[in-house]
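J.: In our numbering, the protein residues as written are 409 to 553.
Note that beta-carbon positions come from the ideal geometry of N, C-alpha and C, so glycine has one too.
Structure incoming, see below.
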């Protein structure tokens with residue numbers, strides 16, 4: 409039990425810091441990072457405490473949690489961009505969130521395709537570079553006026 413006390417205290421301190429900062433100022437962007445850090449630290453620690461310190465389930469939970477967080481970023485950026493365009497119009501100041509969401513989404517999809525093609529083709533560099541090239545061309549074409 410003493411081995412699991414230190415990670416639990418660490419998670420409690422991160423959650424406490426998050427609660428204090430949110431209580432002080434709710435509109436800061438750093439709250440997003442502290443919440444993500446608290447969740448990413450807490451889930452594996454709790455699974456590790458419940459099922460054992462070196463549990464495969466804890467490692468799998470950490471990988472899945474990070475994958476979901478990373479894959480949700482472009483979705484939220486695109487949703488925010490669409491909402492800004494609906495509320496405020498088609499000005500240049502309203503487009504960065506939408507453009508960044510599209511670019512990040514294409515980059516993540518290209519990375520996934522690159523990893524999958526690299527494992528299927530035995531690591532041939534010409535075949536592995538093709539999805540990244542295709543994503544760059546698609547990104548460039550989508551930004552053309």
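Exposed or buried, residue 483, counting other C-beta atoms within 10 Å across all chains shown (16 or more means buried)?
T.: Residue 483 is exposed by the Cβ-count criterion.
J.: From residue 428 to residue 508, what does the alpha carbon distance come to, in whole angstroms?
T.: Distance between the alpha carbons of residue 428 and residue 508: 31 Å.
J.: On the DSSP letters alone, give me the boundaries of the alpha helix (DSSP H) that residue 442 sits inside.
T.: Segment 438-459, the alpha helix (DSSP H) holding residue 442.
J.: Excluding the 5 residues flanking residue 497 on each side, which residues of the same chain have their C-beta closer than 8 Å to its C-beta?
T.: Taken in chain order, the list of residues that qualify is empty.
J.: Do you know offhand how far residue 458's Cα is from residue 450's?
T.: So the alpha carbons of these two residues sit roughly 12 Å apart.
J.: Under the rule that 16 or more other beta-carbon atoms within 10 Å means buried, what is residue 485, buried or exposed?
T.: Buried, since its Cβ has 16 or more Cβ neighbours within 10 Å.
J.: Closest to residue 420 by CA distance: which of 437, 443 and 438 is it?
T.: Ranking the options by Cα distance to residue 420, first place goes to 443.
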